[in-house]
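Shown next, in structure tokens, is the structure this report addresses.
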Amino acid sequence: MFTMENAQKGRSLVSLKDEVKQKLRNDIIQNKLQPGDRIVETEVAKRLGISQVPVREALRGLEEEGLIQTIKYKGAFVTEINPVEMYHMFSLRAEIETNAIEAVLPSLTKKDFGELYDIVDKMKNGVKDYAVQSELDMEFHRTIIEWADINIYLRIWTMLNTHIRRYITILNPQVRILPEEVYQYHLDLVKILETKEIEKSKQAFKEHIMKMVTK
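Okay, structure coming up:
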């Protein structure tokens, strides 16, 4: 919880900055802060019960991530979504994930596949909640990236998915991705991975990822 009392109990400026940044990032991903919305530093600080310093630092971090843009004499605004840029983000994500699959698939065990099936089972149980499905979707794909143990892949993938999740949240009412479809897509992906056929698996993941920008 964001309060000055918490800050005074030993929470560092860096920690506060990260927490504010995560909160604002989540609000942008969930479209609570929409493209073009202005983020007023003083209002955020007042609402969270903290000083403006960590808010200012958080906004700088979000600007580096491309989620907000600061316009001189006007303030900080949530960035618009650029469809062309989004296409390239999805393409880069597909490249990272297929490279990771090629690296790890030969060594995956039944236990590893079981871990993926556990995530898919959670999707089935939370089938009516799109927000839950979105979180589990990211957990599924992040797990595979983490198995590759290539730090730069995970760092870039994490940044890309902030933008991708935001894009999907905004687009979802138009494309009507049903939660049960998210479950079925990922169930099919695990079954393909279990074949241990690298090229088949890479193609399946690429098609799955690019589906959102090729409709």
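Note that UniProt numbering gives residue 63 to position 63 of the sequence shown, counting from 1, and the numbers run on in steps of one.
In this text, a Cβ means the ideal position worked out from N, Cα and C, and glycines have one as well.
On a predicted model such as this, the values are computed, not experimentally measured, just so you know.
For residue i, I'd like the list of residues in its chain whose CB is within less than 8 Å of its CB, leaving aside the five on either flank, ordered along the chain.
| i | result |
| --- | --- |
| residue 93 | 157, 160, 161, 164, 209 |
Can you name the residues that DSSP bridges to residue i?
| i | result |
| --- | --- |
| residue 76 | 39, 70 |
Could you check the C-alpha separation between residue i and residue j for me, to the nearest Å?
| i | j | result |
| --- | --- | --- |
| residue 99 | residue 146 | 12 Å |
| residue 154 | residue 72 | 33 Å |
| residue 30 | residue 70 | 21 Å |
| residue 203 | residue 76 | 40 Å |
| residue 133 | residue 180 | 9 Å |
| residue 34 | residue 74 | 17 Å |
| residue 196 | residue 112 | 13 Å |
| residue 107 | residue 143 | 14 Å |
| residue 79 | residue 110 | 43 Å |
| residue 150 | residue 97 | 11 Å |
| residue 84 | residue 38 | 24 Å |
Please state the DSSP three-state secondary structure of residue i.
| i | result |
| --- | --- |
| residue 18 | helix |
| residue 197 | coil |
| residue 30 | coil |
| residue 62 | helix |
| residue 82 | coil |
| residue 144 | helix |
| residue 137 | helix |
| residue 91 | helix |
| residue 109 | coil |
| residue 188 | helix |
| residue 149 | coil |
| residue 170 | helix |
| residue 210 | helix |
| residue 50 | coil |
| residue 178 | coil |
Grab me the residues of residue i's own chain with a C-beta within less than 7 Å of its C-beta, minus the 5 sequence neighbours each way, in chain order.
| i | result |
| --- | --- |
| residue 148 | 100, 103, 104 |
| residue 21 | 58, 61, 62 |
| residue 185 | 208 |
| residue 54 | 13, 16, 17, 20 |
| residue 167 | 81, 86 |
Excluding the 5 residues preceding and the 5 following residue i in the sequence, name in chain order all residues of the same chain whose CB lies nearer than 6 Å to its CB.
| i | result |
| --- | --- |
| residue 44 | 55 |
Can you find at least 3 beta carbon pairs, one from the stretch 104–122 and one from the stretch 139–155, that sit closer than 8 Å? yes
So does the stretch 52–59 actually touch the stretch 187–197, counting three or more Cβ pairs closer than 8 Å? no
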